[in-house]
Amino acid sequence: MFAPSVSPLLLLLAANLLVIFRYSHGQSVDCSKPPPGWPQRPPQCCDLPFPLEDMKRSFASCIRQIGRPTSAVPTPKSVRDTRLCLEECVYKSVGFIKEGDNELQKDAILNKIKSIVKEAPHWETSLKSAMDTCFDENKSSEENSEESTCSSAPQTFTHCLLRNLFLNCPADIWNGSGECEVVKSRMSECPDVPPPPPPPPQRFQGGPQPF
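Numbered per mature numbering (1 follows the signal peptide of the UniProt record, and there is no 0), the sequence shown spans residues -26 to -1, 1 to 185.
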């Protein structure tokens, strides 16, 4: 179960997206604001195989442990620190990193991914390519990570994997709506923009949306 109020999670998602649009620099297009046609609510464009179900269950527990951003009004640093600590908590819960060791447990992650391919073989090519890309990207990002209470490795890996899987979603499960094409186009142009989050649990679907 999630915490009694969903507001910390929605606040985190909303603030995280705001930070992304406000602080994305260096791209050939203006990534500092949403493009025309950006959806008001997160469209469901592709049923991604990641995060795993046990990661989703751990996320609920980690929300209770970590709580809301450390400052009353979310700042880029408080949002980033909260997100990093949430991701680290989830990765520790499922054995993807060990206590006291910030390195990703590559073998453990690969074994889990193999189980996905067995259930959803249409993801095999995209998953293999994404895993190779994201393990390499994670190594290079460790050298340039900003100071934080928690490791940036889980968040960097998750962000990379979700983006790669979304942008390479198999055609037979891709929702080719206009909104999804707008999101995909902006993600292709702006590497800091993540895919839309999944819908909230049923009990919270009447609440505010993070977009």
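All residues carry an ideal CB built from backbone N, CA and C; glycine is no exception.
Query	Result
In the DSSP assignment, find the alpha helix (DSSP H) that holds K158 and state where it starts and stops.	152 to 163
Determine the closest residue to residue 221 out of S151, E121, N112, with distance taken between C-alpha atoms.	Limits of the chain in this structure are -26 at one end and 185 at the other, which puts residue 221 out of reach.
Nearest by alpha-carbon distance to I37: which of E62, V47, P23 is it?	E62
Starting from L60, follow the alpha helix (DSSP H) in both directions and report where the run begins and ends.	50 to 67
For I147, is the classification buried or exposed, using 16 other Cβ atoms within 10 angstroms of its Cβ as the cut-off for buried?	exposed
At the level of alpha carbons, what is the spacing between E77 and A127?	7 Å
Excluding sequence positions up to five away, which residues of its chain have a Cβ less than 7 Å from the Cβ of V91?	W97, E98, L101
Is the stretch 64 to 75 touching the stretch 104 to 113, taking contact as three or more C-beta pairs under 8 Å?	no
Less than 8 Å between the C-beta atoms of F131 and P169, yes or no?	no
So, with DSSP's three-state summary, where would you put F185?	Any reading at F185 must be qualified, since the residue scores a pLDDT of 37, below 50, and its modelled position is unreliable; the value itself is stated next. Here F185 sits in coil by DSSP.
With 16 as the cutoff for other CB atoms within 10 Å, does S125 come out buried or exposed?	buried
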